[in-house]
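Below is one structure, written out as structure tokens, with a few remarks after it.
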Amino acid sequence: MIDFCISLGLRRQLKARRARLHRMAHAWCGDAMLADDLTQDCLASALAKHHQLKDHGKLDAWLFRILHNCWMMHLRKRRPSLDIDDVDIRDDNTPETRLHSQEIAVRVRAAIQRLPPGQRQVTTLVDLEECRYAEVAEILDIPIGTVMSRLNRARAALRRDLTGLRQAPAGTRTHLRRVK
Amino acid sequence: MNEPGNPMDTDLNALADGELDSKRSESLLAAMEHDPRLQAELCEVHRIKDLVRHAYPLEADTPATTSRRLGWGSGLAAAVLLLVGGFAGGWLLAPRLPAAPGFAMTRANADPNRVILYLGESSPAKFRKTLGKAEQLLQRYRDTNIRVTIVASAGGVDLLRAATTPFGDEIRQLARRYDSLQFVACNNTIYRMKQEGKQVALLDEADTAPSAVAYVVDHLRNGWRYIAI
Numbered sequence: 001m002i003d004f005c006i007s008l009g010l011r012r013q014l015k016a017r018r019a020r021l022h023r024m025a026h027a028w029c030g031d032a033m034l035a036d037d038l039t040q041d042c043l044a045s046a047l048a049k050h051h052q053l054k055d056h057g058k059l060d061a062w063l064f065r066i067l068h069n070c071w072m073m074h075l076r077k078r079r080p081s082l083d084i085d086d087v088d089i090r091d092d093n094t095p096e097t098r099l100h101s102q103e104i105a106v107r108v109r110a111a112i113q114r115l116p117p118g119q120r121q122v123t124t125l126v127d128l129e130e131c132r133y134a135e136v137a138e139i140l141d142i143p144i145g146t147v148m149s150r151l152n153r154a155r156a157a158l159r160r161d162l163t164g165l166r167q168a169p170a171g172t173r174t175h176l177r178r179v180k
Numbered sequence: 001m002n003e004p005g006n007p008m009d010t011d012l013n014a015l016a017d018g019e020l021d022s023k024r025s026e027s028l029l030a031a032m033e034h035d036p037r038l039q040a041e042l043c044e045v046h047r048i049k050d051l052v053r054h055a056y057p058l059e060a061d062t063p064a065t066t067s068r069r070l071g072w073g074s075g076l077a078a079a080v081l082l083l084v085g086g087f088a089g090g091w092l093l094a095p096r097l098p099a100a101p102g103f104a105m106t107r108a109n110a111d112p113n114r115v116i117l118y119l120g121e122s123s124p125a126k127f128r129k130t131l132g133k134a135e136q137l138l139q140r141y142r143d144t145n146i147r148v149t150i151v152a153s154a155g156g157v158d159l160l161r162a163a164t165t166p167f168g169d170e171i172r173q174l175a176r177r178y179d180s181l182q183f184v185a186c187n188n189t190i191y192r193m194k195q196e197g198k199q200v201a202l203l204d205e206a207d208t209a210p211s212a213v214a215y216v217v218d219h220l221r222n223g224w225r226y227i228a229i
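Heads up: the sequence lines are chains A and B, in that order. So for the first sequence, our numbering puts the first residue at 1; every next one is plus one. So for the second sequence, our numbering puts the first residue at 1; every next one is plus one.
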């Protein structure tokens, strides 16, 4: 009975965190459908292992650690095979892709996806979840020095990759107008 | 952000993330005061942080799956980018970046009766223009319950400081005349002024917000229109 009550309370807490977990999964894997699966796996795993959570104040970090493990498991499973349908053979110089690339958020997401996975995880945990460096180290099971060096590299790469955004053509955003 | 692993980059990142201890923060902020390059580097860290945040807006229970959904996120990111030139100076209190010319911004479904006037420069001419614009809007749209908020950051805060404003009487009169007019000063700027040993006493009519950027972005999300003076 006690177990049932704990599980019920945890379900509520998990439900309240689903959107944040999904956002993080999406930022890590770059694929909304896969993010759905990872989030679902994470939540199921959290429910199954709820007795392992000793400190409820660390629920967020615990969940992101499970999400990290789910993604690592996915990457390990995926590694041996490469489906030809997954190979990206897009021509990046079509009018459509040029128009698409004008969307700042799309460009930022693409730049984040170009980061190595470890850097991507660190920068999104710090910037999206506002995790402390020590929490990130705990979630990803890496030394805090590695967190800082990955963050340095990630932000340097993003900065190189995201220059010129200010020059994005204003004509595509009709809700912006000069008043003098 | 020079080379990855550069200790200065590590410190700048830690400062932006609130992870730098107070002693090192103090020494870095002091060094920054006379070093425009360092100021620009810190602004870049904030710009990257803002871009990451706004590329992944938190959607309540509904996963973001299509580029259409990105429209608002990217619009907001554009807003942040446009604002950051002005606000970055506010954050550092030294607006050395080229000042953006006046521009207005609004979402397609923005409420025309809620307007933010942003002031980021200590210029009596701009102070006068801001107050004039506010009164013009309040008078012209009096019947539509218009609300106007003047948000001051960086040098713009001087408009709301008792010791520096040339328009204290005008502000008091406007505030008495129009209940829907609000004055907000950026607390980041005030904090930096105090760090520099300046006395900051605001007019009674002025409120504060922790960060002018966050304040404006939140209001844009909620349908406010934005006009930079």
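Glycine included, each C-beta is placed from N, C-alpha and C at the ideal position. As the structure is a computational prediction, the values presented were derived from the model and not from experiment.
For residue i, count the other beta carbons within 10 Å of its own beta carbon; 16 or more makes it buried, fewer makes it exposed. Which is it?
i        : result
Lys49/B  : buried
Thr149/B : buried
Asn145/B : exposed
Arg98/A  : Below a pLDDT of 50, predicted positions are generally treated as unreliable, and Arg98/A, at 48, falls in that range; no measurement from the model is reported.
Ile72/A  : The sequence shown places Met at residue 72/A, rather than the Ile named in the question. Classification of Met72/A: exposed, given that the 10 Å Cβ count is below 16.
His34/B  : exposed
Ala31/B  : exposed
Arg161/B : buried
Does any residue of chain B bring its CB to less than 7 Å from the CB of residue i?
i        : result
Arg120/A : no
Asp60/A  : no
Leu128/A : yes
Arg12/A  : no
Leu8/A   : no
Between residue i and residue j, is the Cβ-Cβ spacing less than 7 Å?
i        : j        : result
Gly30/A  : Gln113/A : yes
Arg156/A : Leu58/B  : In the sequence as displayed, the identity of residue 156/A is Ala instead of Arg. No, they are not a contact pair.
Asp127/A : Val52/B  : yes
Leu119/B : Ile227/B : no
Ile144/A : His68/A  : no
Tyr56/B  : Arg23/A  : yes
Out of the options, which one is the CA nearest neighbour of residue i?
i        : options                                : result
Thr208/B : Gln182/B, Thr130/B, Tyr226/B, Arg47/B  : Gln182/B
Gln119/A : Ala105/A, Val108/A, Met148/A           : Met148/A
Cys131/A : Arg12/A, Phe64/A, His74/A              : Phe64/A
Ala212/B : Met8/B, Tyr191/B, Tyr141/B, Ser180/B   : Tyr191/B
Lys133/B : Leu202/B, Trp224/B, Leu117/B, Arg142/B : Leu117/B
Lys49/A  : Gly57/A, Asp36/A, Ile66/A, Met33/A     : Ile66/A
Leu202/B : Thr164/B, Asn188/B, Val217/B, Leu220/B : Thr164/B
Leu42/B  : Leu12/B, Ser180/B, Ser122/B            : Leu12/B
Ala16/A  : Leu43/A, Ala25/A, Ala27/A, Ala32/A     : Leu43/A
Asp37/A  : Leu21/A, Arg153/A, Val106/A, Gln52/A   : Leu21/A
Val122/A : Asp17/B, Glu121/B, Asp169/B            : Asp17/B
Arg147/B : Ser122/B, Arg177/B, Asp158/B, Ala125/B : Arg177/B
Glu103/A : Leu15/B, His54/B, Asn188/B             : His54/B
Any beta carbon of chain A sitting closer than 7 Å to that of residue i?
i        : result
Asp204/B : no
Arg51/B  : This sequence places Leu at residue 51/B; Arg is not what is there. So yes, Leu51/B belongs to the interface.
Ile48/B  : yes
Asp17/B  : yes
Glu44/B  : yes
Leu58/B  : yes
Asp35/B  : no
Asn13/B  : yes
Ala55/B  : yes
Asp21/B  : no
Asp218/B : no
Asp9/B   : yes
Give, in chain order, every residue of the segment 145 to 165 of chain A whose Cβ lies closer than 7 Å to some Cβ of chain B.
Met148, Ser149, Leu151, Asn152, Arg153, Arg155, Ala156, Leu158, Arg159, Leu162, Leu165
Contact list for the segment 103 to 119 of chain A against chain B, Cβ threshold 9 Å:
Glu103, Ile104, Ala105, Val106, Arg107, Val108, Arg109, Ala111, Ile112
Looking at chain B, which residues of the segment 15 to 43 of chain A have a Cβ within less than 7 Å of any of its Cβ atoms?
Arg18, Ala19, Arg20, His22, Arg23, His26, Ala27, Ala32, Ala35, Asp36
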